[in-house]
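These protein sequences, in sequence, are chains D and Z.
Residue numbering for the first sequence is 1 to 82, as defined by our numbering.
Residue numbering for the second sequence is 83 to 334, as defined by our numbering.
Beta carbons are placed, not taken as given, at the ideal position from N, Cα and C, and that holds for glycine.
These figures come from a predicted structure and were not determined experimentally.
Below is one structure, written out as structure tokens; comments come after it.
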Amino acid sequence: MGRIRRFGQFWYEFLVGDDWTAALAVVVALGATALLADGALNPWWFLPVAVAAVLAVSVRREANARRSGAALPPDLTEPPFE
Amino acid sequence: MTPTVVLVVSTFLASAVEMVEALTIVLALGVTRGWRSVTIGVAAAFVALALVVAALGPALTQVPISALRIVVGAVLLVFGLQWLRKAILRAAGLRALHDEDEIFAREIDESRHAEHRTVARLDWYAFTLSFKGVFLEGLEVAFIVVTFGSTEGHIGLAAVGAGAALVVVATVGALVHRPLSRVPENSLKFAVGIMLSTFGTFWSAEGAGVSWPGQDLAIIGLIAFLAAVSFGLIALLRRESGSLATPVKASS
């Protein structure tokens with residue numbers, strides 16, 4: 001069980017990383033892009049703007065947490081050799 | 083710069099960053115535990131990575147291109163945004179810079195004090211750590227090569243970028259026998275984060291049914307846009323921190 005959990009955790013950390021809300025926001029933005037593209041629009045501008053917004057929110061959240069000294073998740077994409 | 087060149091440069095930079103980190107571990111182990119088990123560990127990791135690429139590459143070519151682009155693009159985008167966020171926070175002095183010299187010293191210390199257990203005539207500590215180091219760092223490279231290659235239909239070119247990085251980093255590492263601490267690692271990670279996010283945005287939007295103005299040339303526009311947003315965020319964070327904030331001390 002421990003090994004399966006570690007295996008799942010590795011892939012979660014590898015693919016989703018330490019900010020799952022950013023990953024979720026990307027998926028939602030992609031869904032919205034597909035919906036908009038399904039109509040008469042060609043919403044090429046939508047995803048870049050959404051990506052910039054997701055990046056800004058994600059950066060802002062971690063910056064605020066670091067400045068306030070709040071507990072942060074470990075640096076998941078750095079080599080896990082400890 | 084054409085999109086094909088961007089693709090090769092992206093795989094080269096991403097591979098170089100990961101290989102510099104793997105090299106630090108391999109050098110520290112080789113210097114303290116001897117090179118035999120370390121070399122076998124590195125070779126085993128390369129074989130494992132080749133198997134991953136050989137299994138995933140052809141499998142991905144069977145997936146319909148629009149589905150492949152939307153899934154691969156989304157994953158690359160999530161992946162790239164993580165790199166970019168960390169690089170922005172490092173550049174703004176809010177996150178520790180990666181210090182290869184310090185990591186090298188710590189690895190040396192730990193491997194000197196680790197127990198000597200021999201399995202199949204191998205120093206097990208040196209073998210497993212070198213395998214793990216190269217495999218885990220290489221997995222990101224393999225992932226980027228396979229996804230870039232299969233989505234753009236240029237898996238050979240993506241592999242060339244990664245192969246060139248391997249040759250450069252391994253040659254320099256063999257010559258200097260020291261961690262490559264002078265490599266501007268955060269700048270490389272920043273560039274890679276922008277490129278991964280760019281390709282992720284481009285492919286996933288295409289997969290979702292978007293037609294990019296200028297077709298492939300839109301990639302250049304996306305790079306410029308994401309770079310401008312990122313530099314803007316760095317400037318904003320620096321200003322908030324009182325312009326020249328004291329950089330966070332490197333810890334790992």
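Could you name the residues of chain D that residue i contacts, counting a contact when the two beta carbons are closer than 8 Å?
{"i": "Pro-295(Z)", "result": "Trp-44"}
{"i": "Val-311(Z)", "result": "Ala-52, Leu-55, Ala-56"}
{"i": "Phe-307(Z)", "result": "Pro-48, Ala-52"}
Can you pull the chain Z neighbours of residue i, defined as C-beta to C-beta under 9 Å?
{"i": "Thr-33(D)", "result": "Ser-286, Ala-287, Ala-290, Gly-291, Val-292"}
{"i": "Arg-66(D)", "result": "Leu-171, Leu-176, Arg-177, Val-330"}
{"i": "Glu-62(D)", "result": "Arg-167, Lys-168, Leu-171, Leu-176, Arg-177"}
Is the beta carbon of residue i less than 9 Å from the beta carbon of residue j?
{"i": "Leu-163(Z)", "j": "Val-27(D)", "result": "no"}
{"i": "Leu-47(D)", "j": "Ala-306(Z)", "result": "no"}
{"i": "Val-249(Z)", "j": "Ile-237(Z)", "result": "no"}
{"i": "Gly-155(Z)", "j": "Ser-323(Z)", "result": "no"}
{"i": "Val-120(Z)", "j": "Leu-131(Z)", "result": "no"}
{"i": "Val-157(Z)", "j": "Thr-93(Z)", "result": "no"}
{"i": "Ala-98(Z)", "j": "Ala-247(Z)", "result": "yes"}
{"i": "Gly-215(Z)", "j": "Ala-125(Z)", "result": "no"}
{"i": "Ser-212(Z)", "j": "Gly-116(Z)", "result": "no"}
{"i": "Ile-170(Z)", "j": "Leu-315(Z)", "result": "yes"}
{"i": "Leu-278(Z)", "j": "Phe-128(Z)", "result": "no"}
{"i": "Leu-176(Z)", "j": "Arg-5(D)", "result": "no"}
{"i": "Val-280(Z)", "j": "Leu-299(Z)", "result": "Position check: residue 280(Z) holds Thr in this sequence, whereas Val was assumed. Contact flag unset, no."}
{"i": "Leu-109(Z)", "j": "Leu-55(D)", "result": "no"}
{"i": "Leu-166(Z)", "j": "Glu-267(Z)", "result": "no"}
{"i": "Ala-37(D)", "j": "Ala-50(D)", "result": "no"}
{"i": "Glu-100(Z)", "j": "Glu-189(Z)", "result": "no"}
Which partner residues of residue i appear in the DSSP bridge assignment?
{"i": "Leu-239(Z)", "result": "The partner list for Leu-239(Z) (beta bridge, DSSP) is empty, contrary to what the question assumes."}
{"i": "Val-201(Z)", "result": "Leu-204(Z)"}
At a CB-CB cut-off below 8 Å, which residues of chain Z make contact with residue i?
{"i": "Ala-22(D)", "result": "Val-160, Leu-163, Gln-164, Arg-167"}
{"i": "Ala-40(D)", "result": "Those do not exist, as Ala-40(D) stays about 12 Å from chain Z at its closest Cβ, beyond 8 Å."}
How far does the alpha helix (DSSP H) with residue i in it extend, from its first residue to its last?
{"i": "Asp-38(D)", "result": "20–38"}
{"i": "Arg-6(D)", "result": "2–15"}
{"i": "Val-154(Z)", "result": "147–173"}
{"i": "Pro-140(Z)", "result": "117–143"}
{"i": "Ala-300(Z)", "result": "300–322"}
{"i": "Ala-56(D)", "result": "46–68"}
{"i": "Ser-269(Z)", "result": "267–289"}
Output, in chain order, the set of chain D residues within a Cβ distance shorter than 7 Å of residue i.
{"i": "Ala-67(Z)", "result": "The structure shown has nothing for residue 67(Z), since chain Z only spans 83 to 334."}
{"i": "Thr-283(Z)", "result": "Leu-47, Pro-48, Val-51"}
{"i": "Leu-299(Z)", "result": "Result: empty, since nearest Cβ-Cβ is about 12 Å, beyond 7 Å."}
{"i": "Leu-278(Z)", "result": "Near Leu-278(Z) there are no residues of chain D at all, since even the closest Cβ is about 11 Å away, more than 7 Å."}
{"i": "Leu-319(Z)", "result": "Ala-63"}
Taking all protein chains shown into account, decide if residue i is buried (16 or more other Cβ within 10 angstroms of its Cβ) or exposed.
{"i": "Asn-64(D)", "result": "exposed"}
{"i": "Gly-222(Z)", "result": "Looking at the sequence shown, residue 222(Z) is not Gly but Glu. Glu-222(Z) should be labelled buried."}
{"i": "Pro-43(D)", "result": "buried"}
{"i": "Ile-185(Z)", "result": "buried"}
{"i": "Tyr-12(D)", "result": "exposed"}
{"i": "Gly-39(D)", "result": "exposed"}
{"i": "Glu-197(Z)", "result": "exposed"}
{"i": "Trp-20(D)", "result": "exposed"}
{"i": "Glu-62(D)", "result": "buried"}
{"i": "Arg-151(Z)", "result": "buried"}
{"i": "Val-88(Z)", "result": "buried"}
{"i": "Ala-137(Z)", "result": "exposed"}
{"i": "Ser-68(D)", "result": "exposed"}
Below 7 Å on C-beta distance, what does residue i contact in chain Z?
{"i": "Gly-17(D)", "result": "Val-160, Gln-164"}
Would you mind telling me which residues of chain D sit closer than 9 Å to residue i, beta carbon to beta carbon, in chain order?
{"i": "Leu-150(Z)", "result": "Within chain D, no residue comes near Leu-150(Z); the closest Cβ sits about 14 Å away, beyond 9 Å."}
{"i": "Ser-119(Z)", "result": "Within chain D, no residue comes near Ser-119(Z); the closest Cβ sits about 17 Å away, beyond 9 Å."}
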